[in-house]
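S.K.: Residue numbers (our numbering): 830 to 979.
Please read through the structure below; I'll follow up with questions.
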């Protein structure tokens with residue numbers, strides 16, 4: 830029997846997948862627990878419509894991510910922190926501080942978990958970081974860490 834999975838079933842199929850399973854498994858387990866529905870013409874049309882909607886949504890999100898990535902182009906993020914002798918910082922610059930600086934200077938709200946540092950920032954100077962804007966779009970940004978002696 831052909832069924833369309835409504836939820837992931839471990840070892841059998843994933844949500845939205847169309848599979849041929851044994852009649853007994855479908856009638857006794859998948860259908861009563863509403864883990865799958867029978868693959869009728871109307872259910873197949875509904876599945877196709879959901880796939881098209883998800884595809885257009887992904888396309889819109891990707892376009893939005895590319896616009897955000899474009900806003901980072903040729904920008905240098907300036908972060909001023911307390912420092913001691915020879916440009917050594919008290920503590921380090923965190924992802925939270927970088928996310929706040931991006932919001933303030935570029936106007937884009939980025940989750941701190943989406944920022945990856947190539948190295949821990951513990952001194953002044955220009956450093957590199959990567960911002961994952963979308964699953965397919967990652968942007969490299971330059972951070973200019975300026976020390977303010979206390």
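Ideal Cβ placement from N, Cα and C applies to all residues, glycine included.
Is it buried or exposed, residue 877, if we count other Cβ atoms within 10 angstroms and call 16 or more buried?
M.R.: If you number the chain shown from 1, residue 877 lands on position 48. That one is exposed.
S.K.: Between residue 799 and the rest of its own chain, which residues show a CB-CB distance below 7 Å, the 5 nearest in sequence each way excluded?
M.R.: The chain is shown only over 830 to 979; residue 799 falls outside these bounds and no answer can be derived.
S.K.: Using beta-carbon positions only, say whether residue 939 and residue 928 come within less than 8 Å of one another.
M.R.: Within the chain shown, numbered from 1, the residue matching residue 939 stands at position 110. Within the chain shown, numbered from 1, the residue matching residue 928 stands at position 99. Against a cut-off of 8 Å, the Cβ pair of residue 928 and residue 939 comes out as a contact.
S.K.: Based on Cα-Cα distance, which residue from 845, 911 and 969 lies nearest to residue 900?
M.R.: Locating residue 900 in the chain shown gives position 71, counting from the first residue. The option with the nearest alpha carbon to residue 900 is 969.
S.K.: For residue 885, does the three-state DSSP call read helix, strand or coil?
M.R.: Position 56 of the chain shown, counted from the start, is the residue given in the question as residue 885. Note: residue 885 maps to helix in three-state DSSP.
S.K.: Rounded to a whole number of angstroms, what is the C-alpha to C-alpha distance between residue 971 and residue 937?
M.R.: Counted from its first residue, the chain shown places residue 971 at position 142. Counted from its first residue, the chain shown places residue 937 at position 108. Roughly 16 Å separates the two Cα atoms.
S.K.: Considering only residues of the region 896-962, which uninterrupted beta strand (DSSP E) runs meet the minimum length of 3 residues and lie entirely inside it, listed in chain order?
M.R.: The region 896-962 contains these whole beta strand (DSSP E) runs: 905-912, 917-922, 944-946 and 950-952.
S.K.: Name the DSSP bridge partner or partners of residue 831?
M.R.: Looking up residue 831 in the chain shown gives position 2. Answer by DSSP bridge pairing, in chain order: 849.
S.K.: Per DSSP, which residues does residue 978 bridge with? Please list them.
M.R.: The residue labelled residue 978 in the question sits at position 149 within the chain shown. Partner(s): 912.
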